[in-house]
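Accompanying notes for the structure given below.
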Amino acid sequence: MELLLAGCSQLGLPLSQTQIDQFRRYYELLAEWNQKINLTAIDDETGVQTKHFLDCLTGLPLIREEMGGGSSTRRLRAIDVGAGAGFPGLPLKIAWPELHMTLLDGTGKKVRFLQEVVTALQLKAVQVVQGRAEELGHQETYREQFDLVTARAVARLDTLVEYLLPFARQGGIVVAYKGPGAAEEFIEARKAIDLLGGEVVRFAPVQVPLLEEERRVLLIKKQRRTPPQYPRGQGLPRKQPLG
Ligand code: SAM
Numbered sequence: 275m276e277l278l279l280a281g282c283s284q285l286g287l288p289l290s291q292t293q294i295d296q297f298r299r300y301y302e303l304l305a306e307w308n309q310k311i312n313l314t315a316i317d318d319e320t321g322v323q324t325k326h327f328l329d330c331l332t333g334l335p336l337i338r339e340e341m342g343g344g345s346s347t348r349r350l351r352a353i354d355v356g357a358g359a360g361f362p363g364l365p366l367k368i369a370w371p372e373l374h375m376t377l378l379d380g381t382g383k384k385v386r387f388l389q390e391v392v393t394a395l396q397l398k399a400v401q402v403v404q405g406r407a408e409e410l411g412h413q414e415t416y417r418e419q420f421d422l423v424t425a426r427a428v429a430r431l432d433t434l435v436e437y438l439l440p441f442a443r444q445g446g447i448v449v450a451y452k453g454p455g456a457a458e459e460f461i462e463a464r465k466a467i468d469l470l471g472g473e474v475v476r477f478a479p480v481q482v483p484l485l486e487e488e489r490r491v492l493l494i495k496k497q498r499r500t501p502p503q504y505p506r507g508q509g510l511p512r513k514q515p516l517g
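Printed below as a string of structure tokens:
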């Protein structure tokens, strides 16, 4: 895990031996399971350290800063929507163990993999849930309950904000990890963000350590409650995005 360590030191994120061991075991399980089920196109050790682990951790200093340095005494609740093989939720949880993390995905085999990783790494305060964002976003135990809502590579931004904003409590933040094409997506999603009760606080280009590619991290603060009709069902967020 040398690249991970070098990258984390650039990001100002010190890792303990336990955390390094957890990342290593996570990588091993990912590579092992990826032989049987299709979890990710990237499963070589270099790629996993840079394009998965460091890519996800690059958002962490910004997230912590926005959440008051992560020094809250109250337990902070996070949900990663469309977590897939666990990104960005699991790297964030490993690097920030105090976070209570819910990993949500619609696909059963991915959820089984996530549960296996959580057990093998002995992670505490992690809940793995199979379900659709459009449905859970209406359930009392999930709606407007989270301090932090994250997603990477799940949908275009105008669709994604309808999945994510309903989960955030007022004052909570929503974080979308995006690639370089995000500027155009951002313009298309602005009205939807406002309609759903959000306000953009940051749309920062970020440099992932040891990678050339440009990434952007969009941070939205939930200012007002999301109107009760959102998220819409029947695939509408994807078929007819708000905007
Ligand atoms: N976030 C991971 C990453 O960055 O590697 C996985 C990305 S993968 C391309 C998209 C994942 O989102 C899939 O695992 C899919 O099952 C999940 N997904 C897409 N739409 C969803 C929805 N509406 N509700 C729950 N999960 C969803």
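Everything in the sequence shown is counted per our numbering, starting at 275 for the first residue and increasing by one. Heads up, the beta-carbon is just placed ideally off N, CA and C, and yes, glycines get one too.
- DSSP lists R426, V491 as the beta-bridge partner residues of Y451.
- DSSP, read as helix, strand or coil, puts Q503 in coil.
- In the structure shown, H326 falls within a helical segment according to DSSP collapsed to helix, strand and coil.
- Contact check for P362 against Y416 fails: the beta carbons are separated by 8 Å or more.
- Contact annotation: V355 and Y437 have beta-carbon atoms nearer than 8 Å.
- In the structure shown, A466 falls within a helical segment according to DSSP collapsed to helix, strand and coil.
- For L378, the enclosing beta strand (DSSP E) stretches over residues 374–379.
- With contact defined as three or more Cβ pairs closer than 8 Å, the stretch 456–468 and the stretch 313–330 are not in contact.
- Put simply, the backbone Cα of A429 is about 33 Å away from that of T292.
- Take A280, set aside five residues on each side of it, and the residues of its chain with a beta-carbon closer than 8 Å to its own are P483, L484, in chain order.
- Taking 8 Å as the cut-off, the Cβ atoms of P502 and D432 do not count as close.
- By the beta-carbon neighbour count (other beta carbons within 10 angstroms, threshold 16), G333 is buried.
- Per DSSP, E390 is one residue of the alpha helix (DSSP H) stretching across 382–394.
- Per DSSP, reduced to three states, the secondary structure at Q284 is helical.
- In this structure, R406 has its beta carbon less than 7 Å from a heavy atom of the ligand SAM.
- About 6 Å separates the beta carbons of V491 and L336, which is inside the 8 Å limit, making them a contact pair.
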